[in-house]
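What follows is a single structure, written as structure tokens, with notes after it.
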Amino acid sequence: SENENFYLELGQFLLEKIRTSDDSFSPIESDMLRAAAFQALYLEDAFALINDNYDLYADLPLIPNTSMKLNMYWALDFALFRTGYIDRSLEVQRRHTIPLSHHLEDYGALNAILASHGAYLYNLGRYDEAEEVFTASLADTTHLTTGIKTSLLHNLSLVYYKLGDSNQYIENQLRALDFAVESGNIRDQLSIYRALHIYYRNNRNWDLSQQYIEAALELAGETEDKEELASILISKSVYNNQYLNNLDEAYRLLKEAELLLDETINYRLSVRVMDEMAKLYIQRREFDRGREIFEEIVDIGAENSNNQMYLTAIIDLANTHLLKGETDRARQYIREFNVHDITSVDFVDLVDARRIEAELAIIQGDLNRAERIIDPVYQQVIERARDMSDPEGGYWHVEDEYLNLFQLYADLLRTMNRPGDLVRILDQLKTINDASLIDNPLIRADELSDEELRESNRINDELDELRKRFLAADEETRLSIQNDISLLTAEKNRLTRRQSTEVLFRPLQTWKIQSRLKQGEMILHVTRILDSFYLIKIDNQNIDQKKLRFDFEQQQLFEEAIAGLTSGDTDLEKLYEIYNWLELDILPEQVHTLIVVPDSYLYQLPLDVLPVSRPPSATSYGATEYLVELRRVRYLNNLQDLFRRNTVRRYRTDFTGIGISDFQSIPDSELISLPKAPLEVTSISNSLDRLKSHDTLLETDATVSAFRQGVGQSRIVHLASHSQISEDDPLFSRIYLHPGSAEAGRNESGIIYAYQLFDMNLSNDLIMLNSCESGSGDYFQGAGIMGISRALRYAGAGSLVLNSWSVNDQLASEFAQQFYKNMNVGKSKSGALQQAKIHFLRNKNANPHFWGPYVMNGADRPVVNPPGHNTATIVLALILAGGLILTRYQRSG
10 SENENFYLEL GQFLLEKIRT SDDSFSPIES DMLRAAAFQA LYLEDAFALI
60 NDNYDLYADL PLIPNTSMKL NMYWALDFAL FRTGYIDRSL EVQRRHTIPL
110 SHHLEDYGAL NAILASHGAY LYNLGRYDEA EEVFTASLAD TTHLTTGIKT
160 SLLHNLSLVY YKLGDSNQYI ENQLRALDFA VESGNIRDQL SIYRALHIYY
210 RNNRNWDLSQ QYIEAALELA GETEDKEELA SILISKSVYN NQYLNNLDEA
260 YRLLKEAELL LDETINYRLS VRVMDEMAKL YIQRREFDRG REIFEEIVDI
310 GAENSNNQMY LTAIIDLANT HLLKGETDRA RQYIREFNVH DITSVDFVDL
360 VDARRIEAEL AIIQGDLNRA ERIIDPVYQQ VIERARDMSD PEGGYWHVED
410 EYLNLFQLYA DLLRTMNRPG DLVRILDQLK TINDASLIDN PLIRADELSD
460 EELRESNRIN DELDELRKRF LAADEETRLS IQNDISLLTA EKNRLTRRQS
510 TEVLFRPLQT WKIQSRLKQG EMILHVTRIL DSFYLIKIDN QNIDQKKLRF
560 DFEQQQLFEE AIAGLTSGDT DLEKLYEIYN WLELDILPEQ VHTLIVVPDS
610 YLYQLPLDVL PVSRPPSATS YGATEYLVEL RRVRYLNNLQ DLFRRNTVRR
660 YRTDFTGIGI SDFQSIPDSE LISLPKAPLE VTSISNSLDR LKSHDTLLET
710 DATVSAFRQG VGQSRIVHLA SHSQISEDDP LFSRIYLHPG SAEAGRNESG
760 IIYAYQLFDM NLSNDLIMLN SCESGSGDYF QGAGIMGISR ALRYAGAGSL
810 VLNSWSVNDQ LASEFAQQFY KNMNVGKSKS GALQQAKIHF LRNKNANPHF
860 WGPYVMNGAD RPVVNPPGHN TATIVLALIL AGGLILTRYQ RSG
């Protein structure tokens, strides 16, 4: 036919015939017509129409099982993938292409289909299933080519990365590299070298990171691919700049890349070099040289009709002039930016443009206008973070552009003398990752179907576009867009069965916070943003705010002090310097309890180890008075924790103790034995004689299954074992238990991960993890420690006692027993911990290394009533009753 749309019209005609046939076709004729309709639409790339009529060709049982049928279903899989319906692609593979490939013994097709099957599962967050698919595919030693092995091993390594198994990630990348070398595939080799460079760079292993980027550079140099070589040079330059602080080497590498690209026609890569060079000049405060390059990028973007490139460079120019103090020029560029269709710009760049606009308003003295600009942008950033998790890490990374916005807003509120609002936004930053942790694929994959996972991803993409439109819109249009955002967010919450984040993280009014504080209690709320520490002190009458500069000198002080504490070489002089820097020396005398909402290094440094006066020497541990001797200290993750309801429930047991001494059956053979752990558990159980029912899980009984079944049913849970904070991803921080039965699979490996704790329905009064590093973890700017402690608190635990570094097994056991003795006489949790620390430093070892790591997070109520509590209650009731009788008698008289 001469009709260009012949196959499209034919497909639509056949669809209409099928829909209106009224069973006039035989079953075989019907299947043939459906197959023909699909084929016609596929030839026209009418993928959306294919998806809309998926039910017509989802199952064609009467079509013979031939290669033609396999190819047809393979094409259907591709069409559905192109329209974003991965769940349907998976269904086609499970029901048709995989069984048909087996039936036809077409192992080449089977391996290709399994590779895409694993990739689809990976994209939906079904990492365990993806691992099984890739591992099964690699078991075929007969039909796999070297190239397919490389691809499968690379994909399997990414799955292991998602599952927190860094050793398997590296091992499979290196196996993939061997096959890439064997097949002579340069591009695969370069891809693996760069992936390993990034992995070790992110883990701050500078030697290996350098080794792999050098290997990539050497290999690329042997080829004639100048663009590949230039791209690697750019990566190495960024590495030297951002991670090694070697600006001169970063500059040299960019100049080398620039020379390579003189003859290329890839303008995008050239602009990438120029952009990095300009930012390097700005970093070195050579503003004019940076400005000239950004102006060149503006011209290149205009010449190539690349709106995104053009507008991003306009933002960079506005920021450069702002840094130079040339506010009029900066304002001109912002006006230029706003007259274009700015929805093509990335969300992060839109945020930066609005931040510059608000900063210009502040410079003009129009603080109210600045707030009108900045507040809705800030809210979108916060809500965006809570609506989605970072697909690369399971948590949301806070970009520098966002941090600049947060700092500007905090400083604006300080200038406007609004401490209550300052507390509100700084506390919101404490929860910026929390909702996305709940929404993490590792958790969602166990709860949602393929269709629900796909729909959740679609909603995320649509929300992202709406937020960009919101930032680009005027005030009148924003209301309508915000309504659309709210509706979509509600739809996603229903889909994922998640509580609305508006309820989870409702902003708190200052008077409500203060009403929760008793006489003598003070909140110390700490937030680090870039190079500043915001310290806010709140009691039931006043709010005091202060901003402290946190430069390299302070950072080094904290790092050296923490390193000394964790190793046992405690330096009291450094700790005393921190005590003064935090201005704890000026706390009112009547303050007996500090409630700390920490950030940054204060997650790793318990405040009660700080000396309250200058120590005679750096090591005069026994001759020094510490904060713990004057004040109780407890911790909260954020101010919302003040308002968590105390769950009243019946527990199956009052105390469950878990103790493991031997870890030889655990895959990680480097774990040392803890010979005192079982005795510690039984001793604590015996000492808690005011609690009725006890349960102990020791050695082989302490499995992951037993933990899951028992931990939620006990008022107090004590765990004496090993734990480990993941250096790669805090969601993979782990608690070590006994492996249990071999047939139970991954969850019975003897390890329970932090992300697995999120979906446990806990309502324990207290959980104590007497294990190494249970309370610490990697710090993420604006997110705090995303390790075991946050997972347990979100799972519902009322209070936690955790340790921030490892201590001697014997001393750890003795400390825990002393803590529970104090609990058994009715002391509050923070009071019991304080007294255990004081007992230890005065009677055992005064070095804060040994008694200092323990912190209490959460509600502070006692687990048993103090002696005489019931008698006092009865007496009080009698007094009140007597008063009531007397009042009635007087009234009747």
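In terms of our numbering, the sequence shown has 659 at position 650, counting the first letter as 1, and numbering is strictly consecutive. By construction, the Cβ of each residue, glycine as well, lies at the ideal position given by its N, Cα and C atoms. Since the model is a prediction, treat every value here as computed from it, not as a measurement.
Approximately 7 Å separates the beta-carbon atoms of K235 and L270; this is inside 8 Å, confirming the contact.
With contact defined as three or more Cβ pairs closer than 8 Å, the segment 801–810 and the segment 757–772 are in contact. Sequence-distant Cβ neighbours of E708 in its own chain, meaning closer than 8 Å and more than five residues away, are G668, I669, S670, D671, P687 and H747. Here the alpha carbon of G173 sits roughly 45 Å from the alpha carbon of K333.
Cβ contact annotation for Y252 (same chain, cutoff 7 Å, sequence separation greater than five): R210, in chain order.
The C-alpha of G721 is placed about 37 Å away from the C-alpha of E568. Contact between A189 and I201 holds: CB atoms are separated by about 6 Å, below the 8 Å threshold. Per the Cβ contact rule, the segment 690–702 is not in contact with the segment 637–650 (fewer than 3 Cβ pairs under 8 Å).
Unbroken beta strand (DSSP E) stretches of 3 residues or longer found wholly inside the segment 783–857: 808–812, given in chain order. With 16 or more other CB atoms across the displayed protein chains lying within 10 angstroms of its CB, K501 is buried. Under the DSSP definition of a beta bridge, T602 partners with E530 and R641.
Shown here, Y762 sits in a strand according to DSSP, grouped into three states. Bounds of the beta strand (DSSP E) holding D553 are I552 to R558. Note on geometry: alpha-carbon atoms of I222 and Y170 lie some 20 Å from one another. Contact annotation: S732 and S780 have beta-carbon atoms nearer than 8 Å. Within the same chain, Cβ atoms closer than 8 Å to the Cβ of E464 are found at L504, the five residues on either side in sequence being excluded.
With contacts defined by Cβ atoms closer than 8 Å, R300 and T329 form a contacting pair. The alpha helix (DSSP H) runs lying completely inside the segment 645–696 and spanning 4 residues or more are 686–696, given in chain order.
N313 sits close to Y276, with the two beta carbons spaced by under 8 Å. For A367, same chain residues with a beta-carbon under 7 Å away, outside a window of 5 residues either side, are A379, I382, I383 and L417 in chain order. Note on geometry: alpha-carbon atoms of D68 and D455 lie some 27 Å from one another. Spatial neighbours of D553 in its own chain (CB-CB distance under 6 Å, excluding positions within 5 residues in sequence) are listed in chain order as K546. Under DSSP, N866 shares a beta bridge with Y644 and L809. CA-CA distance, D774 to L651, rounds to 15 Å.
Taking all protein chains in view, the Cβ of L603 is crowded by 16 or more other Cβ atoms within 10 Å, so the residue is classified as buried. In its chain, beyond the 5 residues on either side, V168 have a beta carbon closer than 6 Å to the beta carbon of E140.
If the five residues before and after A45 are omitted, its C-beta is found closer than 7 Å to the C-beta atoms of L23, all from its own chain and listed in chain order. In this structure, the CA atom of L438 is about 32 Å from the CA atom of R281.
As summarised for the segment 191–266, the continuous alpha helix (DSSP H) elements at least 4 residues long and confined to that stretch are 195–211, 215–231 and 235–251, given in chain order.
Straight-line spacing of the CA atoms in L414 and R364 works out to 6 Å.
A distance below 8 Å between beta-carbons, with the five flanking residues on each side excluded, links F828 to the following residues of its chain, in chain order: M777, V810, A841, L842, A845 and Y863. I595 sits exposed, since fewer than 16 C-beta atoms from the chains shown fall within 10 Å of its C-beta.
By the neighbour-count definition (other C-beta atoms within 10 Å, threshold 16), H152 is an exposed residue. Taking the C-beta atoms as reference points, N60 is found no nearer than 8 Å to L99.
For H111, there is no enclosing beta strand (DSSP E); the residue is part of the alpha helix (DSSP H) that begins and ends at I107 to L113. The count of Cβ pairs closer than 8 Å, one atom from the segment 126–135 and one from the segment 111–118, stays below three, leaving the stretches out of contact.
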